[in-house]
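A short worksheet on the structure shown next.
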Amino acid sequence: MNVSEDSAQSEQSCLLEFLQDEWRRRSPVQLRRGVWISQHEAVAADALEVSVLSLPLRRAWWMDWDGIEPRQALSFKRFCDYLSPRGAQAPYEIGMSNFAAFPQAPFYCIDNTRGPLDGGGWRVRVTSSAVEVLERRWMS
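Here UniProt numbering is used: position 121 in the sequence shown is 121, and no number is missing along the way.
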C-alpha cells in the first residue's frame, strides 16, 4: 500500500468507528438489529446539495452491537431496493449510514437514517485519531 492508500484506510477505519459510536449512543435498539453502512464515490466539486445514497456505491459493511463486517455491495443494493416506506413515526427495522469523500481531503459527507423522518447528515473532518463534526447538513 502507498501513503494515500494507507491514509484512506485509516480515514475509513475512523469513520466506521465514529458511526458505530453514533449508533450506540442514538439508537442502541436498532444497532442490535443491525445497520448497513455504505461508502460511495466522492462528491462532485460543484455539488452543493447531494444525497450520498445517490452516488455510485464503492463498498458496504454490516454493523451490529458486536462489530462491523465487510459485505458485498450487491447485498446493500438489494436492501435499498426492498426498503419499504412506513409510517412517519416508525423507525426502520434496520438502520443505514452512508458516507462519501468531499473533493477536499480529509472531509466527508455522512448521512444516517433511522426512519422515514428520523435521520441526519453532517460534514466531517477525519484526523489521525478522530472524526470532527464541522456542520450539520440536514436533520429530520
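Glycine included, C-beta positions come from ideal geometry on N, C-alpha and C. Everything numeric in this text was worked out from a predicted model, so none of it was measured.
- Unbroken alpha helix (DSSP H) runs of no fewer than 4 residues, entirely contained in the region 68-136, are found at 73-82, following chain order.
- Secondary structure of Ser51 (DSSP, three-state): coil.
- Per DSSP, reduced to three states, the secondary structure at Ala8 is helical.
- Secondary structure of Asp64 (DSSP, three-state): strand.
- Taking a contact to require three or more Cβ pairs closer than 8 Å, the region 35-51 and the region 94-109 qualify as touching.
- Around the beta carbon of Val29, fewer than 16 other beta carbons lie within 10 angstroms, which makes this residue exposed.
- The criterion of a C-beta distance shorter than 8 Å is not satisfied by Gly115 and Arg137.
- Under DSSP, Leu57 takes part in a beta bridge, and its partners are His40.
- Checking the DSSP bridge columns, you'll see Val35 partnered with Met63 and Gly95.
- If you draw a straight line from the Cα of Ala105 to the Cα of Ala130, it is about 15 Å long.
- The C-alpha of Gly34 lies about 16 Å from the C-alpha of Phe18.
- From the listed residues Glu93, Ser54 and Ser13, the smallest Cα separation to Asp111 is found for Ser54.
- The shortest CA-to-CA distance from Ala60 to any of Cys109, Glu22 and Gln12 is the one to Gln12.
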